[in-house]
Amino acid sequence: MAIIQLIISFLLAFSQILAPINTVISAGGEDSFFTEWSQDKQFTEEDYEVLVKNPEKDFVILNLADVQLSDGEVYGDMGARSNALITKLVEDTQPDLITLTGDNAWDTMAYIELVNIIDSFGIPWAPVMGNHDGQGCVSEFWCCELFMEAENCLFRYGPKDMGYGNYIINIMDNGSIIHSLFMMDTHSNRDYYLNDGVVLEDEYDHLWPNQIKWFKWAVNGISEIEGKVVDNSVFIHIPVYEYREAWAAAWDEDNQCYRPEYADTSFGINNEWVCGDPVNNGCFDVFKANGTKNIICGHDHVNSSSILYEGVRLTYGLKLGEGCYYDEDLIGGTTLTIDSTGNTVTEHHYYDLADF
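Under the numbering used here, the residues of the sequence shown are numbered 103 to 458, in order.
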């Protein structure tokens with residue numbers, strides 16, 4: 103039955119599959135979809151999206167991590183449970199923005215189905231790319247163009263030569279920017295050539311130097327607009343190096359609990375090694391020095407830790423559903439709530455798959 107539904111859905115979505123391909127062909131290639139950027143460029147309102155906060159309530163962001171269904175799964179029970187869980191999360195949290203922190207779907211039809219259901223809520227939404235996005239689809243660009251064509255999606259390709267999808271969303275309240283969201287691409291895999299001649303092959307990538315420069319440039323531009331450094335949160339897929347250091351500092355392995363100095367400000371659990379880049383590229387120090395209060399990632403499906411480390415909360419977004427691999431006790435979504443002063447609260451929302 104699922105195979106028949108897949109075939110029917112493929113035929114019905116054929117124009118949606120072809121549209122991104124036709125777009126890039128008519129444009130003469132991908133480069134024209136990205137913006138030219140340099141540190142000398144003036145930061146303007148064209149460099150960011152805006153969402154206006156209702157002054158009567160907190161601004162709620164619902165994050166969905168690693169949905170990652172395949173074409174063979176999306177039209178079966180697994181896909182039905184995933185869609186029901188997404189719908190339940192939206193109903194329960196009433197978000198003003200939905201974010202996706204990468205590895206959104208494996209294959210072409212699964213990607214279309216995910217985009218369609220998220221867009222159907224009529225709520226602004228903003229995805230980043232994961233290391234698996236595009237692998238089972240036409241291409242990574244195809245996934246991005248699918249985002250661009252969705253009515254409520256805020257995705258932008260972003261600056262050239264920085265990957266796919268580096269963009270900014272400013273949350274405004276009473277005419278002022280109270281919090282900035284940086285959506286950034288952590289890419290896929292790469293080789294690392296160390297100073298001692300050692301080569302680390304096919305390791306996870308990280309934010310590139312030009313992305314870090316772009317981040318600093320944007321923070322400075324927003325600071326000039328507001329007359330101060332505005333708090334910000336960074337949404338990525340692959341965790342930054344300091345997720346390892348934070349877990350090592352906060353978690354007492356012998357007693358299986360958070361150490362006293364972290365217990366009041368940390369929650370969640372890690373059930374696997376932090377699978378990030380093997381080399382510290384210094385991006386965390388840049389974030390810390392430039393107003394970042396939260397980093398939210400995905401990637402490691404059975405990790406859910408949220409640790410306040412050196413003034414920055416490092417959070418694993420709770421995995422959505424059963425795609426790829428999962429822990430049945432760590433299923434759901436994560437909210438980031440922003441008040442009128444720009445301060446944030448992070449919370450996991452756990453669900454039992456047996457209820458869907």
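Every residue gets a Cβ at the ideal spot worked out from N, C-alpha and C, and that includes glycine.
Backbone secondary structure at residue i - three-state DSSP
i    : result
L422 : coil
C377 : coil
D293 : strand
V230 : strand
M250 : helix
W208 : coil
I219 : helix
C239 : coil
D304 : strand
S407 : coil
Y364 : helix
Through-space distance from residue j to residue i, alpha-carbon basis
i    : j    : result
L148 : I327 : Going by the sequence as given, residue 148 is Glu instead of Leu. The straight-line gap from Cα to Cα measures roughly 13 Å.
I219 : N185 : 7 Å
H451 : V162 : 13 Å
N373 : I314 : 30 Å
D333 : G413 : 12 Å
I214 : S368 : 36 Å
F386 : N392 : 10 Å
G323 : Q141 : 11 Å
R361 : V331 : 32 Å
K159 : D441 : 8 Å
I200 : G299 : 44 Å
Terminal residues of the alpha helix (DSSP H) in which residue i lies
i    : result
S325 : P311 to E328
V192 : D179 to T195
V152 : Premise fails: V152 lies in the beta strand (DSSP E), E151 to V154, not in any alpha helix (DSSP H).
Sequence-distant residues of its chain with Cβ nearer than 8 Å to residue i (five each side left out)
i    : result
K262 : D133, F136, T137, E138 and W139
V301 : D293, Y294 and Y295
V376 : P341, Y345, R346, W349, D402 and N405
Nearest candidate by alpha-carbon position, reference residue i, set the options
i    : options                   : result
I433 : N445, Y453 and S442       : Y453
M285 : N297, N291, N272 and S278 : N272
Y428 : L171, Q141 and K155       : L171
R415 : G425, G423 and I397       : I397
For residue i, the first and last residue of its enclosing beta strand (DSSP E)
i    : result
L164 : F161 to L166
I270 : Y269 to D275
E449 : T446 to Y452
G434 : G434 to I440
D387 : Segment C385 to A391 is the alpha helix (DSSP H) holding D387; no beta strand (DSSP E) there.
D173 : Segment D173 to V176 is the alpha helix (DSSP H) holding D173; no beta strand (DSSP E) there.
8 Å Cβ cutoff, residue i in contact with chain C
i    : result
P362 : The structure shown contains no chain C; it is built from a single protein chain.
Close beta carbons around residue i, own chain, < 7 Å, minus the five adjacent residues each side
i    : result
L216 : V169, N206 and A207
N276 : P157
Y259 : F135, F136, C246, Y266 and G267
Contact set for residue i: own chain, Cβ-Cβ below 6 Å, skip 5 residues either direction
i    : result
L438 : I163, T446 and T448
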